[in-house]
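So the structure is just underneath, and the comments pick up after that.
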Amino acid sequence: MEILYFIVALAIVIFSVLTVTTRKILRSATFLLFTLFAAAIIYFMMDYEFLGGVQIAVYAGGIVVLFVFAILLTSQPGKNSEKLENHRRYWGLIAAVATAGVTGWALVSRCLDLCGGKPEMSQLDMHTLGAHMLSTDHGGMLLPFEAISVLLLACIIGAVVVARKR
3 MEILYFIVAL
13 AIVIFSVLTV
23 TTRKILRSAT
33 FLLFTLFAAA
43 IIYFMMDYEF
53 LGGVQIAVYA
63 GGIVVLFVFA
73 ILLTSQPGKN
83 SEKLENHRRY
93 WGLIAAVATA
103 GVTGWALVSR
113 CLDLCGGKPE
123 MSQLDMHTLG
133 AHMLSTDHGG
143 MLLPFEAISV
153 LLLACIIGAV
163 VVARKR
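Its first residue numbered 3, the sequence shown is counted upward by one per residue in the numbering used here.
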């Protein structure tokens with residue numbers, strides 16, 4: 003089971019890197035789709051069937067379709083994007099490493115808060131996870147969830163406005 007976990011984790015890392023490094027935008031959306039499917043596999047491996055199903059239905063199904071729709075509305079999908087020439091790559095690399103460090107720290111500290119010290123998956127059932135994710139208490143995730151949905155709606159509206167100007 004651990005070998006399968008490492009294979010899926012490696013697939014997530016590879017497809018995530020390919021998502022942001024490819025110059026063809028539709029390929030980038032396809033790699034994002036593969037990343038989201040691999041994340042769903044990890045949910046299924048942890049016996050979170052509901053979260054795995056939601057991951058496939060909402061993110062892999064809905065969000066990627068919206069991205070592809072926005073791509074087709076706003077650009078020429080088969081065309082390569084221009085290579086960006088910027089002398090600030092090192093600052094971007096430093097920012098990426100810092101963001102990865104902060105994200106890793108947040109994930110580890112959140113798991114320690116939920117599990118009471120030692121992260122054991124047997125203590126974290128689906129009811130507890132759902133209650134914590136959709137609570138408005140300290141550490142609840144309802145506000146960030148709603149903020150991301152408003153951000154996605156703004157992106158879609160912006161894509162339609164840009165497409166209508168052409």
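Beta carbons: idealized from backbone N, C-alpha and C, even for Gly.
For residue i, the three-state DSSP class (helix, strand or coil)
| i | result |
| --- | --- |
| V56 | helix |
Buried versus exposed call for residue i [16 or more other C-beta atoms within 10 Å across all chains shown]
| i | result |
| --- | --- |
| I150 | exposed |
| L38 | buried |
| L35 | buried |
| G55 | exposed |
| F17 | buried |
| Y50 | buried |
| I96 | exposed |
| L159 | The question names Leu, but residue 159 is Ile in the sequence shown. I159 comes out exposed. |
| I244 | This structure does not reach residue 244, given that the chain is present from 3 up to 168, and the question cannot be answered. |
| A108 | exposed |
| A42 | buried |
| F8 | exposed |
Whether residue i touches residue j by CB criterion (7 Å)
| i | j | result |
| --- | --- | --- |
| V10 | A31 | no |
| L53 | Y61 | no |
| I27 | I65 | no |
| M128 | M135 | no |
| T23 | F33 | no |
| A165 | L75 | yes |
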